[in-house]
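Chemist: Residue numbers (this note's numbering), protein chains in the order written: chain A, 1 to 111; chain B, 1001 to 1111.
All C-beta atoms, glycine included, are put in the ideal place defined by N, C-alpha and C.
Being a predicted model, the structure only gives us computed values, none of them experimental.
Just dropping this structure here.
Number of protein chains: 2
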Amino acid sequence: MSIARTPEPPYTAVIFTSLRTPGDQGYARMSERMVELAAQQPGFLGIESAREGLGITVSYWSDDDAAAAWKQVHEHVVAQERGRSTWYEDYEVRIATVTRAYGKPAADPTD
Amino acid sequence: MSIARTPEPPYTAVIFTSLRTPGDQGYARMSERMVELAAQQPGFLGIESAREGLGITVSYWSDDDAAAAWKQVHEHVVAQERGRSTWYEDYEVRIATVTRAYGKPAADPTD
Chain A
1 MSIARTPEPP YTAVIFTSLR TPGDQGYARM SERMVELAAQ QPGFLGIESA REGLGITVSY
61 WSDDDAAAAW KQVHEHVVAQ ERGRSTWYED YEVRIATVTR AYGKPAADPT D
Chain B
1001 MSIARTPEPP YTAVIFTSLR TPGDQGYARM SERMVELAAQ QPGFLGIESA REGLGITVSY
1061 WSDDDAAAAW KQVHEHVVAQ ERGRSTWYED YEVRIATVTR AYGKPAADPT D
């Protein structure tokens, strides 16, 4: 996975932090499908994800309404239910407004 | 690392997404030290981190001023310079205001 190429702020970030239960139980397939499905939603800007014990997924949206609409997509609702019942020992969802962003400066050609 | 126990929003999240250069080059030690040092700063609320190729670290602060003050702490400034020159192939920093948050519902005792 690479760094999401998001536009100039403001935009919405949904920070999803989670701890998994043991075993896959269909998780890997669902996880892949949700990334694919999210990318098809209106207002989707990008997604970044890593797990190292703790899992962090940040999805980026044009605004809070686009993020809220994704939460209601049927297949995602089913995945959320399965997440609560089966896949996640614990999780936290934080909805945030990105107000400022900057990347690594371009290399100085004289370096 | 565990899920940060943050207070009720609003608060500030600094989302740091990065791709590392090959080799450690002092990175692991610095990384550990920065977590320790961040935790001592005024307004620090918590930190979450995972790397799986892509690295994502989210630090939480009482407000934007607390996050901005952390960026100026001398040892952190030195680490940022070393990050640009040596440790990170690429990165993006996003400063965001968390407006809403929720966790996994408590298990229903009748389940």
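Count the other CB atoms within 10 Å of the CB of A:S18; is the residue buried (16 or more) or exposed (fewer)?
Modeler: As a first step, residue 18 of chain A is located in the first sequence; it is residue number 18 there, counting from the start. Within 10 angstroms of the beta-carbon of A:S18 lie 16 or more other beta-carbons, which makes it buried.
Chemist: Say the cut is 7 Å; is the CB of B:D1064 nearer than that to a heavy atom of the ligand HEM?
Modeler: Because no ligand of any kind appears in the structure shown, any question about the ligand HEM cannot be addressed here.
Chemist: Three or more C-beta pairs under 8 Å: does that hold for the region 89 to 104 of chain A against the region 1025 to 1039 of chain B?
Modeler: no
Chemist: Let me make sure I understand the geometry here. Which of B:R1082, B:Q1040, B:D1063, B:G1055 has the alpha-carbon closest to that of B:G1026?
Modeler: Residue numbering aside, residue 1026 of chain B sits at position 26 when the second sequence is read from its first letter. Cα-wise, what sits closest to B:G1026 is B:R1082.
Chemist: Who are B:V1098's beta bridge partners in DSSP?
Modeler: Taking the first residue of the second sequence as 1, we reach residue 1098 of chain B at position 98. Assignment of beta-bridge partners to B:V1098 by DSSP yields A:A96, B:Y1011.
Chemist: Could you please tell me which residues of the region 78 to 97 of chain A, in chain order, have their CB closer than 7 Å to any CB of chain B?
Modeler: Within the region 78 to 97 of chain A, the residues whose Cβ lies closer than 7 Å to some Cβ of chain B are R84, Y88, D90, Y91, E92, V93, R94, I95, A96, T97, listed in chain order.
Chemist: Are the beta-carbon atoms belonging to A:A13 and A:Y60 less than 8 Å from one another?
Modeler: Position 13 of the first sequence, counted from the first residue, corresponds to residue 13 of chain A. Position 60 of the first sequence, counted from the first residue, corresponds to residue 60 of chain A. In this structure, A:Y60 lies closer than 8 Å to A:A13 by Cβ.
Chemist: If we define contact as Cβ-Cβ less than 8 Å, is A:A50 a contact residue for chain B?
Modeler: If you number the first sequence from 1, residue 50 of chain A lands on position 50. So yes, A:A50 belongs to the interface.
Chemist: Give me the Cα-Cα distance between B:Y1011 and B:T1086, rounded to the nearest whole angstrom.
Modeler: As a position in the second sequence, residue 1011 of chain B is number 11, starting the count at 1. As a position in the second sequence, residue 1086 of chain B is number 86, starting the count at 1. Roughly 31 Å separates the two Cα atoms.
Chemist: Run through chain B and tell me which residues come within less than 9 Å of A:G103, C-beta to C-beta.
Modeler: Residue numbering aside, residue 103 of chain A sits at position 103 when the first sequence is read from its first letter. Those are D1090, Y1091, E1092, V1093, listed as they occur along chain B.
Chemist: Counting along the chain, where does the alpha helix (DSSP H) carrying A:A69 start and finish?
Modeler: To locate residue 69 of chain A, count along the first sequence from 1; it is residue 69. For A:A69, the enclosing alpha helix (DSSP H) covers residues 64 to 72.
Chemist: Tell me which same chain residues have a C-beta within less than 6 Å of the C-beta of B:T1006, skipping the five on either side of it?
Modeler: Within the second sequence, residue 1006 of chain B is the residue found at index 6, counting from 1. Counting only Cβ-Cβ distances below 6 Å, and skipping sequence neighbours, we find L1045, G1046, Y1060.
Chemist: Would you mind working out which of B:R1084, B:V1093, B:R1020 sits nearest A:A107, comparing C-alpha positions?
Modeler: As a position in the first sequence, residue 107 of chain A is number 107, starting the count at 1. Closest by alpha carbon: B:R1084.
Chemist: A:L54 and B:E1048 look like a contact to me (Cβ under 8 Å); what is the Cβ gap, rounded to whole Å?
Modeler: Indexing the first sequence from 1 puts residue 54 of chain A at position 54. Indexing the second sequence from 1 puts residue 1048 of chain B at position 48. About 6 Å; that satisfies the 8 Å criterion.
Chemist: Is the beta carbon of A:K104 closer than 8 Å to that of B:D1065?
Modeler: Within the second sequence, residue 1065 of chain B is the residue found at index 65, counting from 1. Within the first sequence, residue 104 of chain A is the residue found at index 104, counting from 1. At the C-beta level, B:D1065 and A:K104 stay beyond 8 Å of one another.
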